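Undergrad: Numbering follows the numbering used here, with no gaps: position 79 of the sequence shown is 92.
The structure under discussion is supplied below as structure tokens; questions concerning it will follow.
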Amino acid sequence: MTTTDKSIEILNDLIEINNDRVAGFTHATRELQEKDLDVRELFMELRNQSRENVHALGRAIHKSGGKVEMGMSGGATLHRVWLDLKCSFTGHSRKSILAECERGEDAIKKAYQMALTSGDIFPPDVREIIRNQQAGINSAHDKLRALRDEA
């Protein structure tokens, strides 16, 4: 596998986990109670952040001559099922939903960290895109953790 092929594969993996994140926050938003408007707004903001991430990653793939894969992982479906199950036992509590979303953020943080430590396979502009997205994801994780701790 060439360096370009490997970088495209990793970028497509990041697209996949961002698509998982979009679906996860969309689902979690529906699980919130009406009184949780602040969290609902944050979830919609983070969902949009991942949509923007997908577009930027897709442009980087096209620029390098690759094909964008717009799928989602099987793990995302399992995560949503787990969130449904957990919510059914906890009564859709704010804290449990935030805890599950934080767990999802742990996964995307790990994916970005792995991408950045995969060797020197990305051109500088693509590495910068990944770093900027990682910073936004880290910030989102911290917000979710703070909200969970408050709940």
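From the three backbone atoms N, C-alpha and C, an ideal C-beta is built for every residue, glycine too.
It should be emphasised that the depicted structure is a prediction, and the values quoted were computed from it without experimental measurement.
Using a Cβ-Cβ cut-off of 6 Å (strictly less than) and excluding sequence neighbours within five positions of Q146, which residues of its own chain qualify?
TA: Here residue 146 is taken as the residue at index 133 of the sequence shown, counted from 1. For Q146, where only same-chain residues beyond five positions count, the Cβ hits under 6 Å are N66.
Undergrad: Given a threshold of 16 other Cβ atoms within 10 Å of its Cβ, counted over all protein chains shown, does E115 qualify as buried or as exposed?
TA: Translated into positions along the sequence shown, residue 115 becomes position 102. Classification for E115: buried.
Undergrad: Would you mind reading off the limits of the alpha helix (DSSP H) that contains Q146?
TA: Within the sequence shown, residue 146 is the residue found at index 133, counting from 1. Run containing Q146: P137 to E163, per the alpha helix (DSSP H) assignment.
Undergrad: If you count every other CB in all the chains shown that lies within 10 Å of the CB of E47, and 16 or more means buried, which is it?
TA: In the sequence shown, the residue the question calls residue 47 occupies position 34. It is exposed - the Cβ of E47 has fewer than 16 other Cβ atoms within 10 Å.
Undergrad: Please report the Cβ distance between S20 and S77, rounded to the nearest whole angstrom; I am assuming they are in contact, meaning their Cβ atoms lie under 8 Å.
TA: Taking the sequence shown and counting its residues from 1, the one referred to as residue 20 is at position 7. Taking the sequence shown and counting its residues from 1, the one referred to as residue 77 is at position 64. Indeed, because the Cβ distance is near 7 Å, the residues count as touching under 8 Å.
Undergrad: Which term fits H68, buried or exposed, when burial requires 16 or more other beta carbons within 10 angstroms of its beta carbon?
TA: Here residue 68 refers to the residue found at position 55 of the sequence shown. H68 comes out exposed.
Undergrad: I134 by DSSP, collapsed to three states: which one?
TA: Within the sequence shown, the letter at position 121 stands for residue 134. Coil.
Undergrad: Taking 8 Å as the cut-off, decide whether the C-beta atoms of T16 and I134 are in contact.
TA: As a first step, residue 16 is located in the sequence shown; it is residue number 3 there, counting from the start. As a first step, residue 134 is located in the sequence shown; it is residue number 121 there, counting from the start. In contact: T16 and I134 (Cβ atoms closer than 8 Å).
Undergrad: Compare the Cα-Cα distances from D33 to each of S63, D49, R53 and I143 and report the closest residue.
TA: Along the sequence shown, one-based indexing puts residue 33 at 20. Checked all of S63, D49, R53 and I143; the closest Cα to D33 is S63.
Undergrad: Suppose you measure from the CA of D162 to the CA of N31; what does that come to, to the nearest Å?
TA: Residue numbering aside, residue 162 sits at position 149 when the sequence shown is read from its first letter. Residue numbering aside, residue 31 sits at position 18 when the sequence shown is read from its first letter. Computed Cα separation, rounded: 25 Å.
Undergrad: Three-state secondary structure (DSSP) at K48?
TA: Position 35 of the sequence shown, counted from the start, is the residue given in the question as residue 48. Taken through DSSP and simplified to helix, strand or coil, K48 comes out as coil.
Undergrad: For T16, name the three-state secondary structure that DSSP assigns.
TA: Here residue 16 refers to the residue found at position 3 when the sequence shown is read from its first residue. If DSSP states are grouped into helix, strand and coil, T16 belongs with the helices.
Undergrad: Output needed for A128: all residues of its chain with C-beta closer than 7 Å, excluding positions within five of it in sequence on either side, in chain order.
TA: Here the question's residue 128 lines up with position 115 in the sequence shown. Contacts found: I23, L27 and I143.
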